[in-house]
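Below is one structure, written out as structure tokens, with a few remarks after it.
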Amino acid sequence: MRIAFRKGRNSFCVKGLLQPERGETKSIMWENFSEAIYLNFIKDDRWKYYTDGLKVTLIITLFAVLLGVVIGLVVGTIRATHERTHKLKFCNFLCGIYLTVIRGTPVVVQLMIIFYIILASARNKIPVAVLAFGINSGAYVAEIFRSGIMSIDNGQMEAGRSLGFNYIQTMWYVIMPQAFKNVLPALCNEFIALLKETSVSGYIALQDLTKAGDIVRSRTFNPFFPLLTVAAIYLVCVIVLTQGVKLLERRLRQSEH
Amino acid sequence: MKKKVFALTMAAVMAAASMAGCGSNAAETTAAAEETTTAAAAEESDAEETEAASEEESAEGGVLVMATNAEFSPWEYHEGDAIIGIDVEIAQAIAEKLGMELHIEDMAFDAIIPSVVSGKADIGLAAISYDEDRAASVNFSENYATSSLVILVAEGSEIASADDLEGKLIGAQTGTTGEMTATDMVGDENVERYNSYFEAVQSLLTGKIDAVIIDGAPAKVFLTENEGQIKQVGDALSTESYAAVLAKEDTELLEKVNAAITELQESGEIDTIMNKYIPAE
Chain Y
57 MRIAFRKGRN SFCVKGLLQP ERGETKSIMW ENFSEAIYLN FIKDDRWKYY
107 TDGLKVTLII TLFAVLLGVV IGLVVGTIRA THERTHKLKF CNFLCGIYLT
157 VIRGTPVVVQ LMIIFYIILA SARNKIPVAV LAFGINSGAY VAEIFRSGIM
207 SIDNGQMEAG RSLGFNYIQT MWYVIMPQAF KNVLPALCNE FIALLKETSV
257 SGYIALQDLT KAGDIVRSRT FNPFFPLLTV AAIYLVCVIV LTQGVKLLER
307 RLRQSEH
Chain U
434 MKKKVFALTM AAVMAAASMA GCGSNAAETT AAAEETTTAA AAEESDAEET
484 EAASEEESAE GGVLVMATNA EFSPWEYHEG DAIIGIDVEI AQAIAEKLGM
534 ELHIEDMAFD AIIPSVVSGK ADIGLAAISY DEDRAASVNF SENYATSSLV
584 ILVAEGSEIA SADDLEGKLI GAQTGTTGEM TATDMVGDEN VERYNSYFEA
634 VQSLLTGKID AVIIDGAPAK VFLTENEGQI KQVGDALSTE SYAAVLAKED
684 TELLEKVNAA ITELQESGEI DTIMNKYIPA E
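Line by line, the protein sequences are chains Y and U. For the first sequence, the working numbering assigns the number 57 to the initial residue and increments by one for each residue that follows. For the second sequence, the working numbering assigns the number 434 to the initial residue and increments by one for each residue that follows.
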């Protein structure tokens, strides 16, 4: 910042918007502003980059969440079952390896490994990203579900079994509904993290929301609007997601009264 | 006792670190603190490298900070610890003419112009082609080289010229003229924008994309590296001229750089540098 002041340089929008020189009228500010809006959103239909990018981001997040929940449910249940009953030793061993590898490496590296090595000839990148983010998220969701299952008193399982349910039925009808309610805040946290993690999709030339901002930035050389726009869109998405989970939590609480 | 010593050491390190941050207060530090300063400074040297560079600049006014994207052999690339290439040597020669010391900042290609605009770098040299949109944000110096865009495809591809690209997936690096030309040719949805050209070529090799549009000289490097797997087809798509970019306000430096480039061109020094990296055929 110091250097910028010393040399009197600044990006034009900041100068125009925040530091109007003496004598500059409001109309010039407005002109700069509307020109920046034109360059960053309207010229060459640049707004389309943001909407298309948002679409890609949401699609990846949605399917990655679904994949992550399925993987997490299976792995979490196996791990919790092993802890309670000491059965499923081999499955638990495999799940342990999965958790160690996935949680031990950065998601962007996993993404590139899947894109450039494992699915080297895949042309459609969205499924690649869904796979990478889903597998990654599954590891975290698994631990969330495990902690949820473990939080339910063993007496619940015994009660279910004595009523004639088998193990899986007790898990599904008795343990899981209670566990799910307990882990919902942590799960919501994971989904928010996942939504934001998809911003590294640009590494595999996928045009998600972040990459959309990058492309506009590479055209206008003005970081101000593209970056703030992208940030605002992510923020809105997360707020909507959080509110949705809040509603769901309230719904689930009703059974407590 | 051990705890006390540890606490004291930590306090000294913290004090030294905070003073190192202010710079000008360094003279007031006591001898004891100064000893730790070296240790603390060594630890933080990596993180503060850029800060240190800008501080040097303000102290002497003798450092020319050059923004580049060192993933574009032979124009600029990493070899061992150093960043070398045609642009680097030209910038070095310019800096020498201006009596300045060259400091290279390696960054993403699409970050170069914003860095120059915001004053984080004084000059951008990265095989940057003159382009009207770019010229609206920065000043271009005198041209120092010419180049042309070419098409690379996989060996055995059906694509024989630019006319066959319709509806094909084309890869390029974000923010380059190659990417913009590709967008104009096949439309936005058929362009894959990679962070760097080597990733685009990598994808071409595995068949993820059908063609890459790239500058002539780096294309030759990729062709030699992947001989028998990729080939160049069709005629050159355009003729472009490379120039350095400088901030709009920095007209004084622009004049000096222009004078230096003209001198280097007249003395044949630029040709010598070019021939060193791109052997004439």
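C-beta: ideal position from N, C-alpha, C; glycine also.
Residue range E509 to E512 is occupied by the beta strand (DSSP E) that includes E512 of chain U, with no alpha helix (DSSP H) assigned at that position. Nearest Cα to F505 of chain U within the set U:T639, U:Q698, U:E688 and U:A633: U:A633.
Look at Y627 of chain U: its C-beta is under 8 Å from a C-beta on chain Y. Along the stretch 187-204 of chain Y, none of the residues has a CB nearer than 9 Å to a CB of chain U. DSSP lists U:V678 as the bridge partner or partners of F573 of chain U.
Boundaries of the alpha helix (DSSP H) around R135 of chain Y: W103 to T141. In this structure the stretch 582-592 of chain U lies against the stretch 656-669 of chain U, because at least three pairs of beta carbons, one per stretch, are closer than 8 Å. Against T639 of chain U, the close residues of chain Y are Y172, A176 and S177, in the order they occur along the chain (beta-carbon pairs closer than 8 Å). Selection Y:K111, Y:R102, Y:A185 and Y:F281 evaluated against I260 of chain Y yields Y:A185 as nearest (Cα-Cα). When rounded, the separation of the alpha-carbon atoms in C293 of chain Y and T254 of chain Y is 13 Å.
Judged by beta-carbon spacing, N572 of chain U lies within the 8 Å limit of V678 of chain U, meaning their Cβ atoms are closer than that value. Between the stretch 260-277 of chain Y and the stretch 87-106 of chain Y there are three or more C-beta pairs closer than 8 Å, enough to call the two in contact. A straight-line Cα-Cα distance of about 28 Å links D209 of chain Y and I153 of chain Y. The beta-carbon separation of A136 of chain Y and I205 of chain Y, rounded to 4 Å, stays under the 8 Å limit for a contact. Per the DSSP secondary-structure output, R179 of chain Y pairs with nothing in a beta bridge. Annotation for Y627 of chain U: the continuous beta strand (DSSP E) segment containing it runs V624 to Y627. T133 of chain Y counts as buried, since no fewer than 16 other beta carbons sit within 10 angstroms of its beta carbon. Listed by position along chain U, the residues whose Cβ is nearer than 7 Å to that of R275 of chain Y are D566. Between I706 of chain U and A650 of chain U a beta carbon distance of about 12 Å is seen, past the 8 Å cut, so the two are scored as non-contacting. Shown here is that no member of the stretch 684-701 of chain U has a Cβ falling below 9 Å from a Cβ of chain Y.
Of the candidates U:N659, U:Q662 and U:G640, the residue whose Cα lies closest to the Cα of A176 of chain Y is U:G640.
Counting C-beta pairs with one atom in each stretch, the stretch 544-552 of chain U and the stretch 648-663 of chain U have fewer than three that are closer than 8 Å, which means they do not touch. Only those residues of the stretch 250-270 of chain Y whose C-beta falls short of 8 Å from the nearest C-beta of chain U are listed: G258, Y259, A261, Q263, K267 and D270. Taken in chain order, the complete alpha helix (DSSP H) segments of 4 or more residues contained in the stretch 219-243 of chain Y are 223-226. Against chain U, a Cβ distance below 7 Å from P279 of chain Y picks out P547. Per DSSP, reduced to three states, the secondary structure at Q299 of chain Y is helical.
Counting only unbroken stretches of 4 or more residues, the alpha helix (DSSP H) elements lying wholly within the stretch 520-595 of chain U are 542-551 and 565-568, in sequence order. Under DSSP, T501 of chain U shares a beta bridge with U:D539.
Between V690 of chain U and I556 of chain U, the C-beta gap is smaller than 8 Å, which places the two residues in contact. Within the same chain, Cβ atoms closer than 8 Å to the Cβ of S674 of chain U are found at S562, Y563, N576, A578, T579 and S580, the five residues on either side in sequence being excluded. Between the stretch 601-609 of chain U and the stretch 623-630 of chain U, the count of C-beta pairs closer than 8 Å reaches three or more; the two stretches touch. If you check the CB distance, G600 of chain U and I646 of chain U do not come in under 8 Å.
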